[in-house]
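Visitor: First the structure, then my questions, so here it is.
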């Protein structure tokens, strides 16, 4: 009660913070008249003046108001857009290293220019992170005009660039790119063998666009660079054939925890089946020798019981493609780990791809925490504020809208069955269409969107066929004449290529759009439609001139008229077909309506058969509705229902956060070791010589072998002389008279240690002299780096296996996390010891031939790279596969001009999503560019 009273009297923490920014906004506005008088050259010179002042000791906060005023003026001249006061506040929030929560349509792209410009002035580089290549290119090109006007350079990091292009982009003052590309460049940099080969130059400041999507949704899985292991496809296929022979009493499924376990009867049955198939000739399933079989059986059981085709994944072009549960988009290239994806492939009867070994990995949490200052912006972050603060130390600041929000958010309508719900939705759509109101219908999966599409089709509506190039003509014609269209568009992972166009035209009066998810689309729904897209669609390649200008003016006038029609009809009507587990996703859907002060309306239609309602307490609610006498086709509307559902969603969010937090705790153990290894690698690469390190390793190796074979305070007759001699031969390549030394009177372990060190040092010095000191310095560094990399990869595999089984320690009343930390530390100590021994053993045997040593090459590798907006994923740049030997090197374009469909050498560089030049009609990546 007192908290509510204090909030009413003094405002919330967010209100007080916004109020603090208002004073600076007034000072920025006061500078506007003077800045407006500057010429273009004078305005551009302010950048160098700011840099000079920073060099003399001023801080970024000291020049913030002047810098923001300069950026605002430059934007007016270059882009024709003036930053609103609330956008200035957003820029200050980003500069302060916080998250600016701004509603859809408030101009976040323009807000980023303020903080990016200011933080680029020190010359350490500012990164603007987007969710896909399209937005990175669009924003860098669009806002790059502003930065270039002010004398700053702009780079773009997108898929398909080579190292030189990446290095040049990172060297720019401001660099736009995707979260995946930034992360993978960091991993690849730490697999290089020379500092000059690295592309990134540090992590000073970053602005993360759609920060909730990247730092929450995408952070569920790490970035992984992996290499192939041996083919075990037959084992997956054999075990897959056994699972259908189990009945429901053989296993227990927990939908809430997304887990399945064999019952005692199920264990006996699967053992029987494994023996019959010859996979387990003897013993029990849980004997140590059968641990691999247990793993494969569990994954096959999960594939059959917990995963549903067209909901969790689809099968396309003979591949199992994951469907993201948050965005509903396909994600080719992302694969479930630990053999689960192979189990799904076996279930669907498609070729089982080999498993991969992790070569390098990092979570987004740990990558973005590398930045000295991190900030972000999105339309929906408040529900995840605790996670942002705990994991990233980022506070969420809600920025007021430039114009008041007029959208009406109505109470949820709850029906007993899904059929009744869909009937109500169809009726609601029909009513909205009659009055010319555009409708956006949000679903949670492809399966639900197609189910709704079938239902609407049964009501007399027709689904748009986007393979027909003139499909939109009917929609525009209906809009012009005022007759409602009887067509609707489906926007989901199956139609992602038309995504931007569908979204752009979803505001046309009477338009009906069914969307799997509306997060981070990069295109606003504008009432009346998007004039620029209309012009591109209708005018196509019409040459510039009076005729085109007149036609463009007609289209813009028509779009404005349609906008007025949509406004009079009530603006965009958002209909949710069910609640998502995350309130944030629901808010993203609602936020599509009511942009920039437009009117709008939203409502969610629910049924007790929805997943969220069914799993989280629908039985009690069903009984309550029956007692209330709810008849078929009737719905219940009440704020209490909304509150109850919001509480259920909050519980699910808290549970998911706990899961992510627990995963991060384990990854932090690996991350501490990763930072040590990567930092050590960097020091080795930067050093002119690693001779001192090599000498130290050799001496430590001597100490180790002496300590292993000569117990403390032991007499010589208690020494393991034979093992000591063998160790000296194995690690030092020295055949020494250790047995004779042990027979000397008064000999001690210290004397043995000194003789071994002296002999090893002399032998190595002679080897260096014989093989050339310059070449040996080069070889030392390469042997050290390559041995470290090899051991680090093996260490990652061991930690993965340890993490999978460490949970069983809880049954012995021991904390699995503490056990994992202790064992991981011991494994890391062993890695260091192995590094010393292997490097020493190799260098004590190396002989240099009279030719330049070959350049070290990276192992065959594949980057798991996701595009969360479109779902398209190139997996990794073609060049990675060329290096790995999976694809032939691309040939330059033939000088004669036109490519020959029958001669791939004349095709030049072909985009992976471009039509194959052979004329097959398939995309290049599914034809001649297919990775085999």
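Residue numbers (the numbering used here): 3 to 934.
Beta carbons are placed, not taken as given, at the ideal position from N, Cα and C, and that holds for glycine.
Fair warning: this is a prediction, and the values are worked out from it, not measured in the lab.
1. Is there contact here, the segment 154-172 with the segment 183-196, by at least three beta-carbon pairs under 8 angstroms?
2. Going straight from the alpha carbon of residue 296 to that of residue 245, what length do you get?
3. Once DSSP output is grouped into helix, strand and coil, what is the label at residue 39?
4. Give the secondary structure of residue 336 by DSSP, where H, G and I count as helix, E and B as strand, and everything else as coil.
5. According to the Cβ coordinates, are residue 77 and residue 148 closer than 7 angstroms?
6. What would DSSP say about residue 601, mapped onto helix, strand or coil?
7. Any idea what DSSP makes of residue 800, helix, strand or coil?
8. On the premise that residue 606 lies in contact with residue 573, defined as a C-beta separation below 8 angstroms, what is that separation, rounded to the nearest angstrom?
9. My understanding is that residue 599 touches residue 440, with C-beta atoms under 8 angstroms, so please give their C-beta distance in whole angstroms.
10. Would a C-beta distance cut-off of 7 angstroms place residue 106 and residue 594 closer than the cut-off?
11. According to DSSP, is residue 77 part of a helix, a strand, or is it coil?
12. Identify whether residue 513 lies in helix, strand or coil by the three-state DSSP scheme.
13. Less than 7 angstroms between C-beta atoms, sequence neighbours within five positions excluded: which residues of the same chain meet that for residue 592?
14. By DSSP's criteria, residue 411 is part of a beta bridge. Which residues make up the other side?
15. Starting from the C-beta of residue 124, find all residues in its chain whose C-beta is less than 7 angstroms away, skip the five residues before and the five after it, and write them out in chain order.
16. Our contact map puts residue 454 next to residue 443 with C-beta atoms below 8 angstroms; I'd like the distance itself, whole angstroms only.
17. Please state whether the Cβ-Cβ distance between residue 104 and residue 401 is less than 7 angstroms.
18. By the three-class DSSP mapping on this structure, what secondary structure does residue 467 have?
19. Using the Cα positions of residue 839 and residue 705, report the straight-line distance between them to the nearest angstrom.
20. Given that a residue counts as buried once 16 or more other Cβ atoms are within 10 Å of its Cβ, and exposed if not, what is residue 778?
21. Work out the CA separation of residue 221 and residue 761 for me, nearest whole Å.
22. Whole angstroms is fine: what's the gap from residue 211's alpha carbon to residue 527's?
23. In whole angstroms, what separates the C-alpha of residue 356 from that of residue 42?
24. Going by the beta-carbon positions, is the gap between residue 360 and residue 813 smaller than 7 angstroms?
25. My understanding is that residue 177 touches residue 157, with C-beta atoms under 8 angstroms, so please give their C-beta distance in whole angstroms.
26. Okay, do the segment 314-323 and the segment 339-349 touch, 3+ Cβ pairs below 8 angstroms being the bar?
27. With distances taken Cα to Cα, identify the nearest neighbour of residue 20 among 96, 243, 154, 531.
28. Are residue 680 and residue 787 touching if we call contact CB-CB under 7 angstroms?
29. Take residue 434 and list the residues in its own chain whose beta-carbon comes closer than 6 angstroms to its own, dropping the five residues that flank it on each side.
30. Taking Cβ to Cβ, would you say residue 202 is nearer than 7 angstroms to residue 172?
31. Confirm, please, whether the CB-CB distance from residue 735 to residue 722 is below 7 angstroms.
32. When DSSP labels each residue in this structure, what does residue 374 get in the three-state scheme?
33. Report yes if the C-beta distance between residue 334 and residue 322 is below 7 angstroms; otherwise report no.
34. Identify, in the order they occur along the chain, each residue of the same chain with its Cβ nearer than 7 angstroms to the Cβ of residue 169, setting aside the five sequence neighbours on each side.
35. With a threshold of 7 angstroms on Cβ separation, who are the neighbours of residue 91 within its own chain once the five nearest residues in sequence on each side are excluded?
36. With DSSP as the reference, label residue 648 as helix, strand or coil.
Guide: In brief:
1. yes
2. 13 angstroms
3. coil
4. coil
5. yes
6. strand
7. helix
8. Not a contact, Cβ separation roughly 17 angstroms.
9. The Cβ separation is near 17 angstroms, so there is no contact.
10. yes
11. helix
12. coil
13. 411, 576, 604
14. 604
15. 56
16. 7 angstroms
17. yes
18. coil
19. 11 angstroms
20. buried
21. 53 angstroms
22. 18 angstroms
23. 59 angstroms
24. no
25. 4 angstroms
26. yes
27. 96
28. no
29. 441, 575
30. yes
31. no
32. coil
33. no
34. 201
35. 20, 23, 27, 401
36. helix
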